[in-house]
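Enquirer: Every letter in the sequence shown is one number past the one before it in UniProt numbering, and letter 28, counting from 1, is 28.
Idealized CB from N, CA, C, for every residue including glycine.
The model shown is predicted, which means the values in this text are computed figures rather than measured ones.
Structure provided below as structure tokens; questions to follow.
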Amino acid sequence: MSAPSFDANARNATRIRNASSIINVDDVEKTLRWYQDQLGLQIEFAWGDPVIHGSVLAGTTAFHFSKGEPVAPTTSYMTLYAIELDELFADISGKGVEILSKPEVMPWGMRAFMIRDCNGCMVMFADPATGE
């Protein structure tokens with residue numbers, strides 16, 4: 001079996017409009033509220049009674065949460081690209097969110113900080129403009 005041509009890969013990449021992730025959690029409604037109340041993200045939808053699936057919007061990207069066996073926290077994390085990183089950090093840290101690192105320049109040149117959400121998942125906030 002031969003690999004697809006570069007042209008085919010390039011065409012496929014232009015067909016993709018957006019991406020999202022689905023994270024299994026024990027309590028979807030609690031998770032949606034946490035992302036809304038602690039991080040200021042908009043709840044896009046909550047489905048079911050009780051809620052078994054829903055998502056929050058971070059800019060134009062949706063993060064989905066689904067009722068399921070939660071994955072034990074690991075070294076994996078999701079990244080939200082943001083502006084006004086210091087102001088964002090001050091706002092989030094003032095709400096009692098677990099802070100894993102303060103804003104700092106990462107080895108690849110971007111400034112970022114890391115938190116832990118209500119399920120133990122790590123979330124990084126990064127300013128891509130500082131990496132240029």
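Could you tell me whether the stretch 62-80 touches the stretch 18-30, where touching means 3 or more Cβ pairs closer than 8 Å?
Expert: Yes: at least three Cβ pairs fall under 8 Å.
Enquirer: Under a Cβ-count criterion, where at least 16 other Cβ atoms within 10 Å of its own Cβ denotes burial, should Leu41 be classed as buried or exposed?
Expert: In the sequence shown, residue 41 corresponds to position 41, counting from 1. The residue in question, Leu41, is buried, as its Cβ has 16 or more Cβ neighbours within 10 Å.
Enquirer: Count Cβ pairs between the stretch 80-98 and the stretch 44-54 that sit closer than 8 Å; are there 3 or more?
Expert: Output reads no: the stretch 44-54 does not touch the stretch 80-98.
Enquirer: Comparing alpha-carbon positions, which option in Cys118, Trp34 and Ile43 lies nearest Pro73?
Expert: In the sequence shown, the residue the question calls residue 73 occupies position 73. The candidate whose alpha carbon is nearest that of Pro73 is Cys118.
Enquirer: Please return the same chain residues whose Cβ sits closer than 7 Å to the Cβ of Glu29, not counting the five positions on each side in sequence.
Expert: By one-based count along the sequence shown, residue 29 stands at place 29. So the list reads Ala46, Pro50 and Val51, once near-sequence residues are dropped.
Enquirer: Flag this pair as yes or no: are the beta carbons of Met124 and Met114 separated by less than 7 Å?
Expert: To locate residue 124, count along the sequence shown from 1; it is residue 124. To locate residue 114, count along the sequence shown from 1; it is residue 114. A contact, by the Cβ cut-off of 7 Å.
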